[in-house]
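Peer 1: Structure below; questions to follow.
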Ligand code: NCD
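In the numbering used here, the protein residues as written are 6 to 333.
Structure, rendered in structure tokens:
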């Protein structure tokens, strides 16, 4: 693995290696000193052309916990046309010696362009491109599901049923999750009003439904998506009230879930729209835990792409002891 652009590129072995490595990283995050010397001397650039709170901070925390140097580059507001600005920025970052570039961009395919155009040698990590993909979000979601739904044994999500609900059309989180969860053997059902179901969904490895109540009763995890009004140029549903009534998760609806099921949301939430405040803050909600797990998953991704490339001959760490060994 040289870049992390799409969960569709990950084999089951790659995905499981990332999740297992993240497990080791999480144990580091629970220590009093949350830092490993693994990426000392390497530079990670956070290149964000689009707004972000948790993803940017999470990547920054992850890189710093691995002792990398971090440069934050908020590229939003650049007046240069997109293709040019991306190329010029890439050449600048190359000249500065960036080892990894974490990129969020409004245009689908921008991270792949950066990885393949030959402007820069760095490892490229997609932190969300348009409505296309958000692979580290899907990995942290799968990681969170695994901790709750497959806490022991083979840790497999095989046969686990996941409902992804709401504005699927605009959601890079939904696409990355659908691809990754299928690779991991889970069964995904997308639930959305017909206007917010993506085009070509027939080719996705998922089931679809317009009826949330029926799907909830047989779900192990339900992932509520933010209604992305900033990506909407038309009326996709009659009113916010009508949307919530049919596709929002409130406590009455949550009661239809099996006892063990968890409630997820990638954030930022529109409380009262796709999810009510009491559901978001309920004991079934793992939303805050998703954020914690995000740092561990991004540490794993940076570690495997950066030190993995450097010591290509050596195998991945079995334990955190291996991560620190010989590098302190
Ligand atoms: C998501 C994103 O930006 O794609 N948020 C995130 O990364 N945590 C989902 C969203 O914006 O709704």
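In this text, a Cβ means the ideal position worked out from N, Cα and C, and glycines have one as well.
(1) Please report how far the alpha carbon of residue 194 lies from the alpha carbon of residue 23, in whole angstroms.
(2) Flag residue 12 as yes when its Cβ comes closer than 7 Å to any non-hydrogen atom of the ligand NCD, and as no otherwise.
(3) Return helix, strand or coil for residue 182, following the three-state DSSP convention.
(4) For the beta strand (DSSP E) containing residue 74, name the first residue and the last one.
(5) Identify whether residue 208 lies in helix, strand or coil by the three-state DSSP scheme.
(6) Could you tell me the distance, in whole angstroms, from the CA atom of residue 172 to the CA atom of residue 202?
(7) Can you give the Cα-Cα distance for residue 266 and residue 45, rounded to whole angstroms?
(8) With distance defined between alpha-carbon atoms, name the residue in 116, 272, 239 and 227 nearest to residue 293.
(9) How would you label residue 288, buried or exposed, when you count the other beta carbons within 10 angstroms and need 16 or more for buried?
(10) Closest to residue 306 by CA distance: which of 128, 211 and 185 is it?
(11) Give the straight-line distance between the Cα atoms of residue 232 and residue 167, rounded to the nearest whole angstrom.
(12) Exposed or buried, residue 35, counting other C-beta atoms within 10 Å across all chains shown (16 or more means buried)?
(13) Which runs of the beta strand (DSSP E), 3 residues or longer, sit entirely within the segment 256-321?
(14) Could you check the C-alpha separation between residue 311 and residue 98 for me, to the nearest Å?
(15) When every heavy atom of the ligand NCD is checked, does at least one fall within less than 7 Å of the C-beta of residue 272?
(16) Which same chain residues, not among the five before or five after residue 120, have their C-beta less than 7 Å away from its C-beta?
(17) At a threshold of 7 Å, does residue 60 count as lining the ligand NCD (C-beta to nearest heavy atom)?
(18) I'd like to know whether the C-beta atoms of residue 200 and residue 242 end up nearer to each other than 8 Å.
(19) So what does residue 110 bridge to, in DSSP terms?
(20) Report the CB separation of residue 145 from residue 162 in whole angstroms; it is logged as a contact under 8 Å.
(21) Judging by CA-CA distance, which residue of 198, 230 and 229 is the nearest neighbour of residue 215?
(22) For residue 151, which residues from the same chain have a beta carbon less than 7 Å from its beta carbon, with the 5 sequence-adjacent residues on both sides left out?
(23) Go ahead and label residue 238 buried or exposed: buried means 16 or more other beta carbons lie within 10 angstroms of its beta carbon, across all protein chains shown.
(24) Which same chain residues end up closer than 6 Å to residue 222 when comparing Cβ atoms and leaving out the 5 residues on each side of it in sequence?
(25) Tell me which residues share the same chain as residue 236 and place their Cβ nearer than 7 Å to its Cβ, disregarding the 5 neighbours each side in the sequence.
(26) Tell me whether residue 236 counts as near the ligand NCD, meaning its Cβ is closer than 7 Å to at least one heavy atom of that ligand.
Peer 2: Reading it off the structure:
(1) Translated into positions along the chain shown, residue 194 becomes position 189. Translated into positions along the chain shown, residue 23 becomes position 18. Computed Cα separation, rounded: 24 Å.
(2) Mapped onto the chain shown, residue 12 falls at position 7. Remark: the C-beta of residue 12 is outside contact range of the ligand NCD, defined as less than 7 Å to any heavy atom.
(3) By one-based count along the chain shown, residue 182 stands at place 177. If DSSP states are grouped into helix, strand and coil, residue 182 belongs with the helices.
(4) Looking up residue 74 in the chain shown gives position 69. It spans 74-79 - the beta strand (DSSP E) in which residue 74 sits, taken as one unbroken run.
(5) Here residue 208 refers to the residue found at position 203 of the chain shown. If DSSP states are grouped into helix, strand and coil, residue 208 belongs with the helices.
(6) To locate residue 172, count along the chain shown from 1; it is residue 167. To locate residue 202, count along the chain shown from 1; it is residue 197. The C-alpha of residue 202 is placed about 7 Å away from the C-alpha of residue 172.
(7) Position 261 of the chain shown, counted from the start, is the residue given in the question as residue 266. Position 40 of the chain shown, counted from the start, is the residue given in the question as residue 45. Each residue's CA atom was taken as its position, placing residue 266 and residue 45 some 40 Å apart.
(8) Within the chain shown, numbered from 1, the residue matching residue 293 stands at position 288. The candidate whose alpha carbon is nearest that of residue 293 is 272.
(9) Taking the first residue of the chain shown as position 1, residue 288 is located at position 283. With fewer than 16 neighbouring CB atoms inside 10 Å of its own CB, residue 288 falls in the exposed class.
(10) Against the chain shown, residue 306 aligns to sequence position 301. Residue 306 has its Cα closest to that of 128, out of 128, 211 and 185.
(11) Your numbering for residue 232 matches position 227 in the chain shown. Your numbering for residue 167 matches position 162 in the chain shown. Cα-Cα distance, rounded: 19 Å.
(12) Residue 35 sits at position 30 when you count from the first residue of the chain shown. Residue 35 comes out exposed.
(13) Positions of the beta strand (DSSP E) runs, each at least 3 residues long and wholly inside the segment 256-321, are given as 267-269 in order along the chain.
(14) In the chain shown, the residue the question calls residue 311 occupies position 306. In the chain shown, the residue the question calls residue 98 occupies position 93. Taking the straight line from one Cα to the other gives about 16 Å.
(15) Residue 272 sits at position 267 when you count from the first residue of the chain shown. Checking the Cβ of residue 272 against the ligand NCD gives yes.
(16) Looking up residue 120 in the chain shown gives position 115. 8, 10 and 129, listed in sequence order.
(17) Stepping through the chain shown from its first residue, residue 60 is reached at position 55. Between the ligand NCD and the CB of residue 60, the shortest heavy atom gap is smaller than 7 Å.
(18) By 1-based counting over the chain shown, the position of residue 200 is 195. By 1-based counting over the chain shown, the position of residue 242 is 237. Yes, the pair counts as a contact, with Cβ atoms nearer than the cut-off.
(19) Taking the chain shown and counting its residues from 1, the one referred to as residue 110 is at position 105. For residue 110, which the question treats as bridged, DSSP gives the partners 134.
(20) The count along the chain shown starts at 1 and reaches residue 145 at position 140. The count along the chain shown starts at 1 and reaches residue 162 at position 157. Not a contact, Cβ separation roughly 14 Å.
(21) In the chain shown, residue 215 corresponds to position 210, counting from 1. That would be 198, whose Cα lies nearest to the Cα of residue 215.
(22) In the chain shown, the residue the question calls residue 151 occupies position 146. Non-local beta-carbon contacts of residue 151 in its own chain, meaning distances under 7 Å to residues more than five positions away in sequence, involve 24, 160 and 162 in chain order.
(23) By one-based count along the chain shown, residue 238 stands at place 233. Around the beta carbon of residue 238, fewer than 16 other beta carbons sit within 10 angstroms, so the residue counts as exposed.
(24) Translated into positions along the chain shown, residue 222 becomes position 217. Once the five neighbours on either side are set aside, the close Cβ partners of residue 222 are 261.
(25) Counting from one through the chain shown, the residue named residue 236 turns up at place 231. 136 and 175.
(26) Counted from its first residue, the chain shown places residue 236 at position 231. Flag unset: Cβ of residue 236 not near the ligand NCD.
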